[in-house]
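Counting along the sequence shown from 1, when you hit position 204 you're at 197 in my numbering, and nothing is skipped either side.
Virtual Cβ for every residue (Gly too), placed ideally from N, Cα, C.
Right, one structure below, let's go through it.
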Amino acid sequence: MLPPLVGIGLKPAHYRDVLETGPDARLPGWLEVHPQNYFVDGGPPHRWLSAVAERYPLSFHSVGLSIGTAQGLDEDELEQLAQLCARYEPASVSDHLSWSGNADDRYPDLLPIAYTRATLEHVVEQVARVHDRLGRTILIENPSRYLAFAQDEMDEVDFLDALCRRTGCGLLFDINNVEVSCTNLQLDPEAYIDAIDAALVGEIHLAGHATEWHDNRPLLIDDHGSHVTDRTWALFDRFVRRAGARPVLIEWDTNLPDYAVLIAEAERAGSIMARATAAVAA
């Protein structure tokens, strides 16, 4: 398991920073990587990851299983993920409640699914297949959504809750995605936060997003390319005051900042969580 500390998403630009050993080094509590970037046998990516793995707990945050695909998850991706897990024994493995293609094509995106009973049965089966192959349970991340399906039969919180309870998987709770989805679908993000069963949450993600305006309404785009917003910080504070400390990740994948900016976001998350934990204890 990951420690209840704040980590960062590791990018090659910051390899040397996280391996710093000086007395003034500002270091994260753990590191997340996208395993698909290491689906090779050797070379520089594995030399760096091996060095990092000697010093930090690792989280593998997969973006390629396509658990929601109608024809079933991507078996090649699953096999490569299983081999990488055997090589590095990460503290946590996760993927998304989404789909990224069909039997013939794959798309570089995480597309939403309909929240129906039939879809739930399908996703339960796919998550079970992942558990069987990896020999461990995984976390599933709540998605960012830009529309809702007319055929939805339940809300997102109920779908996630049922998925976790039926498969034994945990929830990777992305609070930026709550802000994005609730803004786009005109839902109440505080009510969403309060409805989540904290016992299911194995990890929290915090990130920034872009905003477009259409017909005087904002459309939030989950691009992980900026500072965490004030709204997301407030939602994070609201959740951890109820739930207590969890592993937390600062997720920044585009417009990558200097390491000092990234670690400052992690330190802010740590301070909020420490205050919230103290308030829970009091």
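- Query: Beta-carbon separation of residue 88 and residue 58 under 7 angstroms?
  - Reply: yes
- Message: What does DSSP give as the partner residue(s) for residue 206 in the beta ladder?
- Response: The partner list for residue 206 (beta bridge, DSSP) reads 211.
- Task: Drop a sphere of 10 angstroms on the beta-carbon of residue 52, count the other beta-carbons inside from all chains shown, and report buried for 16 or more, exposed for fewer.
- Result: buried
- Task: Going by CA-CA distance only, name the one from 37, 91, 263, 123 that's closest to residue 72.
- Result: 123
- Message: I need the boundaries of the beta strand (DSSP E) containing residue 186, first residue and last residue.
- Response: Run containing residue 186: none in the beta strand (DSSP E); it sits in the alpha helix (DSSP H), 182 to 188.
- Is it the case that the Cβ atoms of residue 262 and residue 199 are separated by a distance below 7 angstroms? yes
- Query: Span of the alpha helix (DSSP H) holding residue 18?
  - Reply: First-last for residue 18: undefined, no H or E at that position.
- Query: Assuming residue 2 and residue 242 make a contact with CB atoms under 8 angstroms, what is their CB distance in whole Å?
  - Reply: 6 angstroms
- Message: If you measure between the beta carbons of residue -5 and residue 84, is that distance less than 7 angstroms?
- Response: yes
- Task: Have a look at residue 66 and residue 168 and give me their C-alpha separation to the nearest angstrom.
- Result: 25 angstroms
- Item | Close Cβ partners of residue 105 (< 7 angstroms) along its chain, the five nearest in sequence each way excluded | 91, 136, 138
- Task: Taking residue 150 as the reference, give the member of 254, 180, 212, 260 with the closest Cα.
- Result: 180
- Task: Specify the secondary structure class of residue 89 as computed by DSSP and reduced to three states.
- Result: strand
- Item | Selected residue, minimal CA-CA separation from residue 74, among 217, 250, 34 | 34
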